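There are 2 protein chains.
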Amino acid sequence: MAEEASPVRFGIVGCADVARKVSRAITLAPNATIVAVGSRSLDKATKFVASNGLPPNAKVYGSYEGVVEDPEVDAVYMPLPTSLHVKWAVLAAQRKKHILLETPVALSVSDLDKILEACRSNGVQFMDDTMWLHHPRTTKMFHFISDPNHFGRLQSVHSTFSYGVTPYFLENDIRVKPDLDALGALGDIGFYCIGTILWASSYELPKTARALHKPTYNDAGVILACAASLSWEDDKVATFYCSFLSDMSMDIVAMGTKGSLRVHDYAIPNQEKEAKFSTSSNSDWVELSIGWAPNPSEHVVHTDLPQEALLISEFARLVGEIKYNNTKPEDTWPTISRKTQLVVDAVKASIDNGLEPVQIQD
Amino acid sequence: MAEEASPVRFGIVGCADVARKVSRAITLAPNATIVAVGSRSLDKATKFVASNGLPPNAKVYGSYEGVVEDPEVDAVYMPLPTSLHVKWAVLAAQRKKHILLETPVALSVSDLDKILEACRSNGVQFMDDTMWLHHPRTTKMFHFISDPNHFGRLQSVHSTFSYGVTPYFLENDIRVKPDLDALGALGDIGFYCIGTILWASSYELPKTARALHKPTYNDAGVILACAASLSWEDDKVATFYCSFLSDMSMDIVAMGTKGSLRVHDYAIPNQEKEAKFSTSSNSDWVELSIGWAPNPSEHVVHTDLPQEALLISEFARLVGEIKYNNTKPEDTWPTISRKTQLVVDAVKASIDNGLEPVQIQD
Numbered sequence: 000m001a002e003e004a005s006p007v008r009f010g011i012v013g014c015a016d017v018a019r020k021v022s023r024a025i026t027l028a029p030n031a032t033i034v035a036v037g038s039r040s041l042d043k044a045t046k047f048v049a050s051n052g053l054p055p056n057a058k059v060y061g062s063y064e065g066v067v068e069d070p071e072v073d074a075v076y077m078p079l080p081t082s083l084h085v086k087w088a089v090l091a092a093q094r095k096k097h098i099l100l101e102t103p104v105a106l107s108v109s110d111l112d113k114i115l116e117a118c119r120s121n122g123v124q125f126m127d128d129t130m131w132l133h134h135p136r137t138t139k140m141f142h143f144i145s146d147p148n149h150f151g152r153l154q155s156v157h158s159t160f161s162y163g164v165t166p167y168f169l170e171n172d173i174r175v176k177p178d179l180d181a182l183g184a185l186g187d188i189g190f191y192c193i194g195t196i197l198w199a200s201s202y203e204l205p206k207t208a209r210a211l212h213k214p215t216y217n218d219a220g221v222i223l224a225c226a227a228s229l230s231w232e233d234d235k236v237a238t239f240y241c242s243f244l245s246d247m248s249m250d251i252v253a254m255g256t257k258g259s260l261r262v263h264d265y266a267i268p269n270q271e272k273e274a275k276f277s278t279s280s281n282s283d284w285v286e287l288s289i290g291w292a293p294n295p296s297e298h299v300v301h302t303d304l305p306q307e308a309l310l311i312s313e314f315a316r317l318v319g320e321i322k323y324n325n326t327k328p329e330d331t332w333p334t335i336s337r338k339t340q341l342v343v344d345a346v347k348a349s350i351d352n353g354l355e356p357v358q359i360q361d
Numbered sequence: 000m001a002e003e004a005s006p007v008r009f010g011i012v013g014c015a016d017v018a019r020k021v022s023r024a025i026t027l028a029p030n031a032t033i034v035a036v037g038s039r040s041l042d043k044a045t046k047f048v049a050s051n052g053l054p055p056n057a058k059v060y061g062s063y064e065g066v067v068e069d070p071e072v073d074a075v076y077m078p079l080p081t082s083l084h085v086k087w088a089v090l091a092a093q094r095k096k097h098i099l100l101e102t103p104v105a106l107s108v109s110d111l112d113k114i115l116e117a118c119r120s121n122g123v124q125f126m127d128d129t130m131w132l133h134h135p136r137t138t139k140m141f142h143f144i145s146d147p148n149h150f151g152r153l154q155s156v157h158s159t160f161s162y163g164v165t166p167y168f169l170e171n172d173i174r175v176k177p178d179l180d181a182l183g184a185l186g187d188i189g190f191y192c193i194g195t196i197l198w199a200s201s202y203e204l205p206k207t208a209r210a211l212h213k214p215t216y217n218d219a220g221v222i223l224a225c226a227a228s229l230s231w232e233d234d235k236v237a238t239f240y241c242s243f244l245s246d247m248s249m250d251i252v253a254m255g256t257k258g259s260l261r262v263h264d265y266a267i268p269n270q271e272k273e274a275k276f277s278t279s280s281n282s283d284w285v286e287l288s289i290g291w292a293p294n295p296s297e298h299v300v301h302t303d304l305p306q307e308a309l310l311i312s313e314f315a316r317l318v319g320e321i322k323y324n325n326t327k328p329e330d331t332w333p334t335i336s337r338k339t340q341l342v343v344d345a346v347k348a349s350i351d352n353g354l355e356p357v358q359i360q361d
């Protein structure tokens, strides 16, 4: 008889700002709890527990090792600089911890493969922290773009992710430091644009990536803004733009043979509990081409739990299945992460080779 | 003393379907009237007058010459296949007719230059039939993207224009015939995408155009769908997608350093009398990055006259100025047409050279 399921016990490895949001999500998820927090500074870990409403009995460690080695930790959430992912995620997997890894998952697919191989060989679940995939709006949108009568075959998709950062960010944030997050905006937010494009194409890997212009770099050579196109063997084409230097945007404009989809806040909805998108299907001109019929439709999707809590809940469900029912880790999530990273790598290669097209090979 | 202004007298040269819409617009515009209609078939011209509510005393001609040579015609509207534009627009200009030319204006900038030179040397006004530029929504949107505090400098713009055509269209329409409209979708609707991009960049000509994938062609080698990117000397980048094979779309997503603009029906609003767009300015995350503040804003712009009647009204105003006040033709409109055609030519060249970048030179 299976052991009775109790909440999955999370350890937080690193107290980056995003860890506050994810800690709240773990607290909100019904099947997860926080049992340990580690930082390079014990003081920082202690303050993190106190100031973010974490369980007062959560253990605090002045090191990442403390959490990774703690036998009471089932799963680790790792909001570490990307350059540290291989070391700490591999070590955690070896200690049989399930891994929820902050994005971008790795600096290259070869790095990611080390992490995924460690997860595979240790039988632990891997998931990256792409929250929007867990929003019920995303499920509804995917249902629409999978509908052969209302959307048809995907023809084109454009995606953006941008936000205008502060001068302080440009000087100090890990996302612009070559030794910490060398992919800069391409990793931090281009990863999401690429993820939306793969999502819209039902994860059919594109054949070719090409960067569209010389990216904007900081003095250390880290990308602050870039654009690229992806194309497939058939007639599908995708473009994206990501930037730390533009107004906030998170757009998807996806066009199929019979319908189209638009969303403007895919990664983080404007509001936590309700999210919008619009669709158009089989539209035609009215007489004299002075209007459309039918007009596009607006949709609103409500959610009680925010998308990050739904992510935690799904991750904890998979961990619970493994822990209590001896199932195997679910391969869907690492596969999505890996395809995304493959495309990130190809775009980076195209940027580095002077905008020449780069073949994407699995 | 100036002659008293009376409505500008239009002759319609060709009875294509779009001529019905423009004839209605001429009828709606307070300063314009239709005095002649010519078709290769007298019967077709006669039926056109009768079935479209045109003035019963409008003259009908079984030829284009009839209209172009008619001394009572001030201005001609030419909805002819693009391959006929040079011949008929040049002839009309030589007969001192002001020219309202249907889009795409020409098959190449060298063709267009013949038309523009004829207009210049004969002192007649040239304007192409890009209606959306005359909608009050467009003025409001331009005001927004010109605002240094709410939009800032343009960083990226994506534009689409697509509609799913019928099997009949794919077999019979002039827009897919190599001898009539050899640019296919690139001319018919790519022209509009490029126009929006130039508009968003305040008509700063891009430096480079590159096609993004092998276009979809029909059996005769005419483009049915294509995509391209444009880039400037600075960090701006633009992309567009146009297609006869996708659901109807007319999107602009423009991002500046401080704001962004979205419109989904720029070319032909969903509804004739009111049109929407949305803007976002200086948005930031709320605490914990679980939402935006401020949220994007929706705007609705009403218009009593449809955009095509506003175009006619503006064109007729310029013609009236020349006719009654001896002013010179306004150079803004031909300049916009020519810049657009320059970019169309560059995209076509990139398509034809296997997706290599093409420099855009004036």
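Protein sequence lines correspond, in order, to chains A and B.
So for the first sequence, numbering that gives the first Met the number 0 puts the first residue at 0; every next one is plus one.
So for the second sequence, numbering that gives the first Met the number 0 puts the first residue at 0; every next one is plus one.
Think of the CB as a built atom: it goes at the ideal place given N, C-alpha and C, for glycine as much as any other residue.
Bear in mind the structure is a predicted one, so any value in this text is a computation, not a measurement.
- Contacts between V236 of chain B and chain A, judged by CB atoms closer than 8 angstroms, involve L211, H212, A226 and Y240 in chain order.
- Beta-bridge annotation (DSSP): M254 of chain A is paired with A:S155 and A:S259.
- Of all residues in the region 245-265 of chain A, only S245, D246, M247, S248, D250, V252, M254, G255, T256, K257, G258, S259, R261, H263 and D264 come within less than 8 angstroms of chain B when Cβ atoms are compared, listed by chain position.
- With respect to chain A, the C-beta atom of E271 of chain B has a partner C-beta closer than 8 angstroms.
- Between V346 of chain B and G194 of chain B, the CB-CB gap reaches or exceeds 8 angstroms.
- Relative to F125 of chain A, the option among A:K327, A:V343 and A:Q360 whose CA is nearest is A:K327.
- Among the CB atoms of chain B, none fall inside 8 angstroms of the CB of K86 of chain A.
- Using beta-carbon distances, W291 of chain A counts as an interface residue toward chain B, with a partner under 8 angstroms.
- Contact of L100 of chain B with chain A by beta-carbon distance below 7 angstroms is absent, the smallest such distance being about 18 angstroms.
- One thing to note: V12 of chain A has its Cβ within 8 angstroms of the Cβ of M77 of chain A.
- Rounded to the nearest angstrom, the Cβ distance from T256 of chain A to S230 of chain A is 17 angstroms, too far for a contact under 8 angstroms.
- With a threshold of 16 other beta carbon atoms within 10 Å, A227 of chain A meets it and is buried.
- Think of a sphere of 9 angstroms around the beta carbon of N148 of chain A: no beta carbon from chain B falls inside it, the nearest being about 12 angstroms out.
- When CB distances to chain B are screened at a threshold of 7 angstroms, the residues of the region 152-169 of chain A falling below it are Q154, S155, H157, T159, S161 and G163, in chain order.
- By the Cβ-count criterion, K338 of chain A is buried, with 16 or more other Cβ atoms from all chains shown falling within 10 Å of its own Cβ.
- Contact between S288 of chain B and K20 of chain A holds, with the beta-carbon distance rounding to 6 angstroms and staying under 8 angstroms.
- Beyond the five residues adjoining it in sequence on each side, Y202 of chain A comes within less than 7 angstroms, by CB distance, of I335 and K338 in the same chain, given in chain order.
- Between the region 283-302 of chain A and the region 106-119 of chain A there are fewer than three C-beta pairs closer than 8 angstroms, too few to call the two in contact.
- For M249 of chain A, the secondary structure class from DSSP, reduced to helix, strand or coil, is strand.
- Contact of K46 of chain B with chain A is not assigned, every C-beta pair being separated by 8 angstroms or more.
- Classified as buried, E307 of chain A has 16 or more neighbouring CB atoms from the shown chains inside 10 Å of its CB.
- Residue environment analysis places K322 of chain A among the buried positions, since at least 16 neighbouring C-beta atoms fall within 10 angstroms of its C-beta.
- Between V252 of chain A and V156 of chain A, the CB-CB gap stays under 8 angstroms.
- Identification of residues in the region 13-37 of chain A having a C-beta nearer than 9 angstroms to some C-beta of chain B yields D16, V17, R19, K20 and R23, given in sequence order.
- Here G258 of chain B is near S279 of chain B, since their CB atoms are less than 8 angstroms apart.
- Taking CB atoms only, I267 of chain A has a neighbour in chain B less than 8 angstroms away.
- Of the other Cβ atoms in all chains shown, 16 or more fall within 10 Å of the Cβ of D128 of chain B; this residue is therefore buried.
- Contacts between P305 of chain A and chain B, judged by CB atoms closer than 7 angstroms, involve I289 in chain order.
- At a C-beta separation below 7 angstroms, T215 of chain A has these neighbours in chain B: D234.
- Closer than 9 angstroms at the C-beta level to chain B, one finds no residue of the region 322-337 of chain A.
- K20 of chain A sits in a helix when the DSSP states are folded into three classes.
- Looking from the CA of D110 of chain A, the closest CA among A:S248, A:T81 and A:T137 belongs to A:T81.
- Check the Cα spacing between T165 of chain B and each of A:H149, A:N281, A:F160 and A:H84: the tightest is with A:N281.
- Taking a Cβ-Cβ cut-off of 7 angstroms, the neighbours of S230 of chain B in chain A comprise L211 and H212, given in sequence order.
- Here E313 of chain B has H133 as same chain residues with Cβ atoms under 7 angstroms from its own Cβ, once five neighbours each way along the sequence are excluded.
- Listed in chain order, the beta strand (DSSP E) elements of length 3 or more contained wholly in the region 41-124 of chain A are 58-60, 74-77 and 97-100.
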